[in-house]
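Numbering (our numbering), first residue to last: 1 to 160. In this text, a Cβ means the ideal position worked out from N, Cα and C, and glycines have one as well.
Next comes the structure, spelled out in structure tokens:
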């Protein structure tokens, strides 16, 4: 995926909920092969758009799962009227994943309105656009755009 000439990755996170259904965070490009692989894990019950920037692949996902609950930040439907949300994301988790995830609306970036999730069992923080790991092997245009915007590389450190 490229944004303003910068090559960015897109990652999808899938979690199995206590009832055996799947929670899909920030879906990637839909394919029948991916849908078949997910079906081996369980039925897709929840699709989550974590912020206003994660609409890219929804138009292929939502029609394929007609009974799915679609969770998105408040006012997502005003930004993207074609997508009808069933549940607005806030600071309280949906009952289906309340014991598995904590969630929090990040304040101060209203154009993004990101909701982050903490997967309790693994202590994994799931974010979308609050941080990027672009790596050193990026196109020249991306490097220039990052430099112009004051972004710098931070040396990697491994904590053990």
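Next item on the list: Give the straight-line distance between the Cα atoms of residue 129 and residue 86, rounded to the nearest whole angstrom.
Entry: Locating residue 129 in the chain shown gives position 129, counting from the first residue. Locating residue 86 in the chain shown gives position 86, counting from the first residue. The alpha-carbon atoms of residue 129 and residue 86 are separated by roughly 23 Å.
Check: Are the beta-carbon atoms of residue 24 and residue 46 separated by less than 9 Å?
Finding: Here residue 24 refers to the residue found at position 24 of the chain shown. Here residue 46 refers to the residue found at position 46 of the chain shown. Yes, Cβ-Cβ distance for residue 24 and residue 46 is below 9 Å.
Notebook entry, point to check: In this structure, does DSSP put residue 126 in helix, strand or coil?
Noted result: Against the chain shown, residue 126 aligns to sequence position 126. Residue state, collapsed to three classes: strand.
Checklist line | Host alpha helix (DSSP H) of residue 148 (start-end) | finding: The residue you call residue 148 lines up with position 148 of the chain shown. From DSSP, the alpha helix (DSSP H) with residue 148 extends over 140–148.
Check: How close, in whole Å, do the beta carbons of residue 58 and residue 41 come, if the pair is a contact with beta carbons under 8 Å?
Finding: Residue numbering aside, residue 58 sits at position 58 when the chain shown is read from its first letter. Residue numbering aside, residue 41 sits at position 41 when the chain shown is read from its first letter. Not a contact, Cβ separation roughly 20 Å.
Margin query: Tell me the residue span of the alpha helix (DSSP H) that contains residue 72.
Written below: As a position in the chain shown, residue 72 is number 72, starting the count at 1. If you look at residue 72, you'll find it isn't in any alpha helix (DSSP H); it sits in the beta strand (DSSP E) that goes 69–73.
Item checked: Local conformation of residue 61 per DSSP, three classes -> If you number the chain shown from 1, residue 61 lands on position 61. Helix.
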